[in-house]
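Data first, discussion second: the structure below is written as structure tokens.
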Amino acid sequence: MRPHLLLLLFSLPLVLPCPTPCSCPDPATLNCSDLGLTSVPTSSNIPTSTRSLQLAGNQLTDLFGQLDQLSDLEELDLSRNPVKQLGRGSVFHDLSRLRVLNLSRCDFRTIFNGVFRGVPCLEVLDLRHGQLRFAEERVFEGLPRLRVLLLSHNQLSAVFPEWFKDLESLDELRLEDNHIAYVNGGCFSSLRSLRQLWLNGNRIRGVSDHAFDGLTNLTLLSLEDNQLIKVPSTSFKVLGSLNILKLGGNAFPQLNTGDFVKLPALEECSVENVEELELVDEGAFTGLPRLVALHLHHNARLSFVDPHALINVPSLRLLSLHGNALSALSEDIVTGSAQPIQVSLHDNPFVCDCNVKWVHDIVTNASKGKVKILQGERLQCRGGALVSSLNASDIPEQCAPSLVGERNSTVDKRVGDSHVFQCRANGLPTPALRWVLPPGLNQTRVRMKGGALELHHIQPGDSGVYVCVASNTEGEASSSTRLVVEDIDIHLFPLGVASTFVTVVWNGTARNAFPEYEIKYRREDTQQKDRYRSVTVNQFFRSYTINHLLPGTPYLMCIGTQGVQFSCTRVSTRDESFAMQGVHRTSNVAVGVSLGIVGAMGVVVCVAVLAARRNRQRHYHTPQKEALLAGRMVPLESIHSPLMAARARS
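Counting from 3, one number per residue, gives the positions in the sequence shown under the numbering used here.
In structure tokens:
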């Protein structure tokens, strides 16, 4: 063989065969998945051309020292292994070129700071479907190129901003199906490049107004399948690039005015499968110039969409309202779109009166406008007849109001609560709504807006029947709601009365959930009622002494909260001659309560003293204990006894 050929042969790198029982689908991939391996193949058995090492579905439990000398790896799949821990940085320290790391479906519950510090080129980190419960503050430190972080289907209960400090390139963050209950302010503020944030399938009940601060490039936000009862609209205001918003599967009872407002880039919004959703209010969707698709379908209790629910939504092309509880829908809901629009209305219990005429005209091609009803042949009246089968002449142009939602119901509330009565009606002409209130109701605490009546700081006197009346030129309809206010069993009475002070006591506060109470008092001996003076006490107080009173003066004293009085008592202070005679006791019940409290305190003190004495006796250490023990060992003959000495002499 010629010398130059020998030189060329020895200069070629040694190419190892594919190790058994693994497979090599291409020169850069070594697949050792699902082989029951308990250790990683040694570097000497791995071909030098390997860039992707697949070890999924084995029995690897300890990775320490098993990934050394694999610095050329770019992809590593360790998923579906019973790995219990990852340590603090020694496992992956030699994988400086690694771009993709899959640790999904493993068994570790904690990840510590520094564990990923040896993989600075990492772009995709998959930790899905694991047992992860805790991550230290700087666990993702040293990953400046990370684009995708997958943390879904774990047991994380909170999100901390420290996790993301170094993730300046992160594009997608998936946190769905964890146990997160609240999204704090500034959680994601350092993720300036983030475009997708998935928080669906958690237990989120609240979102801070500043939860999404800093996410100026976010295009997709999913909060589906959580426990939100209110749209966190304030937190959305900073999302100027948001294209897709998913809020289905929450617990919104209604979509309020301004819930979706001034999202300039929003193109698609979904609020479907919300079992509690009953109505969409006027202006719920306002100022959304690029909104193309709005999904409001399969909300089992959604019975009313306000004719002006969509304001300044000129680009809307698709409105999904199928599978709801709508008995009618105003034509005004679709006339605001400047584009041809498709509307889905099937699987709703429509009442086939004047309200359905515009739908019938579109379905039967009598109307050639820009609105198209999707699957119009499936539209049915409440009685079962197809809308398309109706004769146009049988559908009236106008009809009397018909109320929607629950009728003639009873609402139970507690003193201090708030409640919103809702009333909506369909009909042509559009019905006017008014409320008939119980006699004697203080209307200063009542706010009426549209069909809503808001009642705040409910008092016992607010009990009664509230009647909503809808009327137009064709007639009227009414519905009543009975409000029952639960009485508060708090009672105030005087314990001690002197010439310049009164001590009052009360009971019942422990059974009520108010965080604090007000003690109010005023003079009653003037022609014009004196203004109340007040002091605030917390829920653990049971008595209070009111000082600086006038001798021989009648007072009215009350206990309450939030402007609501629960109990009052009238007390007259003693005259000046009583000042040196002590305090006059005015109530046998009060005396009993006082003695009971004192007795109970005495028992507690006695028990505490006895316990302390026993504790001291148990731990008492005699100063001369060692000497006494030593004395036990003194021989008997070493002890001098005068009596024994006398007997010896005799």
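Cβ atoms here follow ideal geometry from the backbone N, Cα and C, with glycine treated the same way.
- As DSSP reads the structure, T112 sits in a beta bridge with F136.
- Per the coordinates, the alpha-carbon of L193 lies some 21 Å from the alpha-carbon of I113.
- Ranking G562, R572 and R524 by CA distance to the CA of L551 puts R524 first.
- T475 counts as exposed, since fewer than 16 other C-beta atoms from the protein chains shown sit within 10 angstroms of its C-beta.
- In the structure shown, T446 falls within a helical segment according to DSSP collapsed to helix, strand and coil.
- Here F118 is near G144, since their CB atoms are less than 9 Å apart.
- K372 and S339 have their alpha carbons spaced roughly 9 Å apart.
- Nearest to L405 by C-alpha distance, out of E399, N252, L249 and L430, is L430.
- For D414, the pairing in a beta bridge is given by DSSP as V486.
- Here the C-alpha atom of L158 lies approximately 19 Å from the C-alpha atom of S81.
- By the C-beta density criterion, Q461 is buried, having at least 16 other C-beta atoms within 10 angstroms.
- For the pair L457 and F495, the CB atoms are not nearer than the 9 Å cut-off.
- By the criterion of at least three beta-carbon pairs nearer than 8 Å, the segment 49-56 is in contact with the segment 26-41.
- For V365, the uninterrupted alpha helix (DSSP H) run begins and ends at K359 to V365, by DSSP.
- N47 sits in a helix when the DSSP states are folded into three classes.
- According to the DSSP secondary-structure assignment, S25 is paired through a beta bridge with N33.
- Judged by DSSP in its simplified three-state form, V307 adopts strand.
- In the structure shown, D349 adopts coil according to DSSP, grouped into three states.
- Contact between V294 and L320 holds: their C-beta atoms lie close to 7 Å from each other, under 8 Å.
- Listed in chain order, the alpha helix (DSSP H) runs fully inside the segment 141-198 amount to none, counting runs of at least 4 residues.
- Here R426 is buried: its Cβ has 16 or more other Cβ atoms, across all protein chains shown, within 10 Å.
- Counting C-beta pairs with one atom in each stretch, the segment 459-473 and the segment 547-561 have fewer than three that are closer than 8 Å, which means they do not touch.
- In the DSSP assignment, T505 falls within the beta strand (DSSP E) that extends over V504 to N509.
- Per DSSP, F238 is one residue of the alpha helix (DSSP H) stretching across S235 to F238.
- Within the same chain, and ignoring the five residues on either side of P342 in sequence, the residues whose Cβ sits closer than 6 Å to its Cβ are K372.
- Looking from the CA of C123, the closest CA among F142, G132 and S46 belongs to F142.
- Here L225 really is in contact with N202; their C-beta atoms are around 6 Å apart, less than 8 Å.
- Contact between the segment 388-404 and the segment 348-362 is present: 3 or more CB-CB pairs across the two stretches fall below 8 Å.
- The Cβ atoms of Q541 and F516 sit closer than 9 Å to each other.
- Counting only runs that start and end inside the segment 203-282, the alpha helix (DSSP H) elements of at least 4 residues fall at 235-238.
- Here R101 is buried, its C-beta having at least 16 other C-beta atoms within 10 Å.
- For D489, the CB contacts under 8 Å within the same chain, skipping 5 residues up- and downstream, are V417 and P462 in chain order.
- Bounds of the beta strand (DSSP E) holding Y523 are E518 to R525.
- Secondary structure note for I397: it is in no beta strand (DSSP E), with a DSSP letter that is neither H nor E.
- Linking L103 to R292 through their CA atoms gives a straight-line distance of about 38 Å.
- The C-alpha of G477 is placed about 29 Å away from the C-alpha of A302.
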